[in-house]
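Visitor:
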Amino acid sequence: MSHTATPPARSVLVTGATGGLGFAVAQRLAAEGWTVHAAHRAPQDAPRLAELPGDVRPVVLDVTDDASVRAAAEQVGGRLDGLVNSAGLIVQGFWEQVPGDALRRQFDVNVLGLMAVTRAVLPAVRAGGGRIVNIGALSSLVALPFFGPIAASKAALASLTDSLRIELRHQGVRVALVEPGAMRTGIFDRAVRSGQADGLAGGPDVERFYARAVQAAAASVAASTLHPVDAAVDAVRHALTARRPRTRYLVGPDARTVRVARRLPTGVRDRALLSALKLTPASFGG
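The opening position of the sequence shown corresponds to residue 1 in our numbering, with each subsequent residue numbered one higher.
Here you go:
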């Protein structure tokens, strides 16, 4: 009598697995039989991840700490079918007011940390003939005022992803970029709290100069519609499993608006973006 060996479960490392999108991705993949290495920074987050149905293995990971990245790579082992780089944060504010430390943190997490993790586990992904899915944002395509730091980091990530995809083409590893619009994940609330903790650059005169603009931008953001993460999760899954995955996924109702905005003449687009955030000449000046 012949016996057919059961193929091993596909395995994936998901960074930022305690965030809204990362958690949903980990939950979906685990439910579909993947072994999910769910990366988290805070030890207290491990039980929440471990309670997810399926084979979910919490991994402590700070993407900005080289020792933590090396330890996580050792923990996930020598073979991976996928890496989902979902860890990220938002630094918001008008450029003149963004503290240098906050801006460095924006790039440390969203770009440099992401690449550190990718470098560390690339041998395992290559061994598995796996795929890398980076989570970007539509802001990489159309940068809004007040969201310059996050837009700049996501634009850098988009370029990084393009070059990485080409480099790995002949190595059996496919690379995709998923760019969602504004999602209901709590990341904007965390951005507000981080901004309050960071403070503002430029001193009281600069603070007064931008006071009305900050109020207008914050009110517009608060009134904006946030969308469920489901479409982004579907895109990540497609990028990991489809026979012919796309290289770039623009996700959510905002994607159509971004496509239209990119075709507008620069001056028209600039005026539209200022209007969207209710920024007028009267918004600036003490």
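Glycine included, C-beta positions come from ideal geometry on N, C-alpha and C.
Using only CA atoms, which one of V76, A120 and G82 lies nearest to G129?
Guide: For the purposes of this step, residue 129 is taken as residue 129 along the sequence shown, with counting starting at 1. Cα-wise, what sits closest to G129 is G82.
Visitor: Compare the Cα-Cα distances from S140 to each of L250, R271, R165 and P43 and report the closest residue.
Guide: Counting from 1 along the sequence shown, the entry for residue 140 is found at position 140. For the residues L250, R271, R165 and P43, the minimum Cα distance to S140 belongs to L250.
Visitor: Please go through the same chain and pick out, in chain order, the residues whose beta-carbon is closer than 7 Å to the beta-carbon of A50, but skip the five residues on each side of it.
Guide: Within the sequence shown, numbered from 1, the residue matching residue 50 stands at position 50. Cβ within range, chain order: V56 and P58.
Visitor: Using 8 Å as the Cβ pair cut-off and three pairs as the minimum, do the stretch 23-38 and the stretch 67-87 touch?
Guide: Touching, per the Cβ criterion.
Visitor: With F106 and S153 assumed to form a contact (beta carbons below 8 Å), what rounded beta-carbon distance in angstroms separates them?
Guide: What you label residue 106 is simply residue 106 of the sequence shown in a count that begins at 1. What you label residue 153 is simply residue 153 of the sequence shown in a count that begins at 1. Phe is not the amino acid found at residue 106; the sequence shown has Gln there. About 5 Å; that satisfies the 8 Å criterion.
Visitor: Are L138 and A255 touching if we call contact CB-CB under 8 Å?
Guide: Taking the first residue of the sequence shown as position 1, residue 138 is located at position 138. Taking the first residue of the sequence shown as position 1, residue 255 is located at position 255. In this structure, A255 lies closer than 8 Å to L138 by Cβ.
Visitor: For the stretch 15-78, list the alpha helix (DSSP H) runs that are entirely contained and at least 4 residues long, ordered along the chain.
Guide: Listed in chain order, they are 20-31, 46-50 and 66-76.
Visitor: Suppose you measure from the CA of P123 to the CA of G252; what does that come to, to the nearest Å?
Guide: Looking up residue 123 in the sequence shown gives position 123. Looking up residue 252 in the sequence shown gives position 252. Going from the Cα of P123 to the Cα of G252 covers about 33 Å.
Visitor: Just the C-alpha distance for A191 and Q97, rounded to the nearest angstrom, thanks.
Guide: Here the question's residue 191 lines up with position 191 in the sequence shown. Here the question's residue 97 lines up with position 97 in the sequence shown. Each residue's Cα considered, the two are about 15 Å apart.
Visitor: Give the list of continuous beta strand (DSSP E) stretches no shorter than 3 residues that lie fully inside the stretch 138-226.
Guide: Complete beta strand (DSSP E) runs here, min 3: 174-180.
Visitor: Need the endpoints of the alpha helix (DSSP H) that L274 sits in, please.
Guide: Within the sequence shown, residue 274 is the residue found at index 274, counting from 1. Where L274 is concerned, the enclosing alpha helix (DSSP H) stretches over T266 to A276.
Visitor: According to DSSP, which residues form a beta bridge with S11?
Guide: The residue you call residue 11 lines up with position 11 of the sequence shown. Bridge partners of S11: T35.
Visitor: Check each candidate in I166, G16 and A73 and name the one with the smallest Cα separation from A46.
Guide: On the sequence shown, residue 46 is found 46 positions in, with the first residue counted as 1. Nearest C-alpha to A46: G16.
Visitor: In its own chain, which residues sit with a C-beta less than 7 Å from the C-beta of A235, not counting the 5 before and 5 after it?
Guide: Position 235 of the sequence shown holds residue 235. Contacts found: V178, Y249 and V251.
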